[in-house]
Every structure is written in structure tokens, then in C-alpha cells.
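Asker: Each residue of the sequence shown is one higher than the one before, counting from 505 in this note's numbering. The beta carbon of each residue, even a glycine, is placed where N, CA and C say it ideally should be. Keep in mind the model is a prediction, meaning the values are calculated, not measured.
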Amino acid sequence: MGAILTNRYNTNSSQTSGQTIGWDIVQFLNRQVVLVGGMVGTFRNLNFTPTGSRFFSNPMYYELALFRSAREGWFYTLQGDCIGKDFNPEMGFIAENDLWNANVGFGHQFKASSSSTIQYYSLSTNTNFKAKISSGTTETRYVDLTSEITWKSGAYLSITPISWQEDRIFDAFQLGNSITIHPDCTTCFHRQCHFRDRKINAFMDCSMLLLENSMEETGSLSRRHCFEFHKSSLRSS
Numbered sequence: 505m506g507a508i509l510t511n512r513y514n515t516n517s518s519q520t521s522g523q524t525i526g527w528d529i530v531q532f533l534n535r536q537v538v539l540v541g542g543m544v545g546t547f548r549n550l551n552f553t554p555t556g557s558r559f560f561s562n563p564m565y566y567e568l569a570l571f572r573s574a575r576e577g578w579f580y581t582l583q584g585d586c587i588g589k590d591f592n593p594e595m596g597f598i599a600e601n602d603l604w605n606a607n608v609g610f611g612h613q614f615k616a617s618s619s620s621t622i623q624y625y626s627l628s629t630n631t632n633f634k635a636k637i638s639s640g641t642t643e644t645r646y647v648d649l650t651s652e653i654t655w656k657s658g659a660y661l662s663i664t665p666i667s668w669q670e671d672r673i674f675d676a677f678q679l680g681n682s683i684t685i686h687p688d689c690t691t692c693f694h695r696q697c698h699f700r701d702r703k704i705n706a707f708m709d710c711s712m713l714l715l716e717n718s719m720e721e722t723g724s725l726s727r728r729h730c731f732e733f734h735k736s737s738l739r740s741s
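(1) How is His698 classed by DSSP in three states: helix, strand or coil?
(2) Apart from the five residues just before and just after Trp604, which ones in its own chain have a Cβ nearer than 7 Å to its Cβ?
(3) Within 10 angstroms of the Cβ of Gln678, are there 16 or more other Cβ atoms? Answer buried if so, exposed if not.
(4) Using DSSP with H/G/I as helix, E/B as strand and the rest coil, what is Ser618?
(5) Can you tell me the Cα-Cα spacing of Ala606 and Leu582, whole angstroms?
(6) Span of the beta strand (DSSP E) holding Pro665?
(7) Is Phe597 helix, strand or coil when you go by DSSP?
(8) Please report the straight-line C-alpha distance between Arg535 and Thr546, rounded to a whole angstrom.
(9) Given Ile525, which residues of its chain have a CB within under 6 Å of its CB, disregarding the five upstream and five downstream residues?
(10) If I'm right that Arg702 touches Gly658 with Cβ under 8 Å, what's the distance once you round it to whole angstroms?
(11) Is DSSP giving His729 helix, strand or coil here?
(12) Does the count of Cβ pairs from the segment 591-598 and the segment 572-582 closer than 8 Å reach three?
(13) Could you name the residues of the same chain whose beta carbon sits closer than 6 Å to that of Asn630, not counting the 5 residues immediately before and after it, in chain order?
(14) Gly541 lies in the beta strand (DSSP E); which residues open and close that run?
(15) Applying the criterion that 16 or more other CB atoms from any shown protein chain within 10 Å of the CB defines a buried residue, is Pro563 buried or exposed?
(16) Can you check whether the CB of Thr664 is closer than 8 Å to the CB of Thr650?
(17) Suppose the cutoff is 6 Å on Cβ atoms and the five residues either side in sequence are ignored; what does the same chain contact list for Leu713 look like?
(18) For Ile622, which of Leu661, Tyr646, Asp590 has the nearest alpha-carbon?
(19) Distance check for Arg645 and Glu567, CA to CA, integer angstroms please.
(20) Per DSSP, Asn605 is paired with what?
(21) One question on the structure: do Arg672 and Cys689 come within less than 8 Å of each other, judged by their Cβ atoms?
(22) Using 10 angstroms around the beta-carbon of Glu643, count the other beta-carbons present and answer buried if the total reaches 16, otherwise exposed.
Now the structure itself:
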């Protein structure tokens with residue numbers, strides 16, 4: 505368990521101050537499962553009263569996660585974050601406020617027989633969900649399916665036959681002086697294959713991508729296809 509307490513005071517004419525108060529905990533439930541939790545708040549001028557009528561609509565950041573690792577058997581990740589709209593750390597940064605963020609992933613890893621050239625193979629899936637706290641509007645939805653194979657020689661193969669992601673841009677913003685990014689919803693279908701083998705000094709990576717953009721202001725829909733393939737030799741360290 506750990507805690508933090510900081511106070512920053514401006515010596516200029518504003519004479520404002522900023523406080524950060526938080527704690528976190530890491531608890532190993534057994535050799536494979538670990539629980540992680542924490543909360544931190546950022547305040548101004550010793551005002552510790554939460555803003556807004558809702559409990560999570562304040563300058564707080566909450567996190568709770570449960571992880572299970574396994575060389576053989578089931579493994580999973582359960583993680584949730586809540587970032588208040590007024591959370592503003594003095595050090596570091598937050599990419600986005602007013603956000604719910606949840607990640608769920610699980611899979612199973614198998615150990616091959618002793619006579620096989622394969623050491624381990626696994627099948628897993630991962631999901632991600634983001635939404636605005638104040639409005640409840642969904643921002644991101646993601647899900648994938650991945651299979652991995654590890655050979656005793658050290659070779660590694662990862663295949664993602666399908667991954668799907670939907671992202672939403674809420675407000676228009678300027679990218680440079682002449683480019684405006686408008687509110688839209690982007691749907692992405694992605695397939696990927698990754699292979700590496702240090703024994704034969706080889707690396708291969710290929711992916712296929714389909715993007716669908718829906719402009720919410722005009723109602724227009726556009727589609728783009730992309731295919732990438734990379735093959736190279738690994739440099740010995």
C-alpha cells in the first residue's frame with residue numbers, strides 16, 4: 505500500500521495552491537492473481553468539496569483491476585477506470601477527462617506434449633469500452649480474437665483473424681491551420697499475422713484493414729481498405 509500528498513503554492517499575485525491526495529494498493533491473492541486498486545484527487549485552494557451533483561463528477565481518478573497470469577491454464581485481465589471531469593494532475597497528464605474505461609480480457613494457454621516441436625499455444629480475446637460519464641455516450645468499443653503459438657526453438661506466431669473497433673469523435677478540432685477534423689464515427693475491421701524466429705533470423709508481419717467513417721453532421725459514409733506486409737531479417741544483439 506502506498507499514499508501521496510503534495511501541495512503546490514504559486515508565489516505570484518494569484519497566490520493559488522494545488523493539492524494532490526491519493527493512495528493505492530497491490531495485493532497478491534496467490535501466486536497467480538493480483539488485485540490492484542487506487543484513487544487520487546486533485547484540488548484547488550484547499551477546496552475538497554466534490555463538484556457537481558454526481559459522485560463521479562468531481563476531481564477524482566479511481567482504478568480497480570484484477571489480473572491472473574498463467575504459463576498453463578486460464579489467464580485474465582479485469583480493469584476499470586473512472587476519470588472525473590475536473591481531475592487535473594500537476595505532474596504528468598491525462599489524455600481525456602470525464603471518462604469510464606473498462607478492459608476485459610481472458611484466454612487459455614495449453615502446453616503441448618513433450619514429443620511436439622510446439623511448446624505452448626493459446627487462444628484469447630480482449631475487449632475495451634469507453635464512455636463519457638456526464639452524458640453516458642459511448643466513445644470506444646473494441647473486441648478481438650487472437651491465437652498464439654510458441655515453438656521450443658523460440659519461434660513465435662500470433663494470428664488475429666478479426667478485431668473490431670468503433671471510435672467516436674464528439675467535437676470538431678483544428679489539425680494545423682487548414683485542416684478541420686469533424687465529428688464522426690469510425691469503424692475498423694482488422695486482421696493481423698505476426699511471425700518471428702531468431703533461430704533463422706526472420707521476421708514477418710502482415711495486416712489487413714477496413715475503415716468505415718460515418719460523418720454525423722452530413723450523414724455520409726466512406727470506406728477505405730489497406731493492406732501491409734513486412735518481411736525482414738532480425739539483427740543479432
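Answerer: The relevant details are as follows:
(1) strand
(2) Cys586, Lys634, Ala635, Ile637
(3) exposed
(4) coil
(5) 8 Å
(6) 660-673
(7) coil
(8) 35 Å
(9) Leu509, Gly545
(10) 6 Å
(11) strand
(12) no
(13) Gly609, Asp648
(14) 537-548
(15) buried
(16) yes
(17) His694, Cys730
(18) Leu661
(19) 19 Å
(20) Asp585, Lys634
(21) yes
(22) buried
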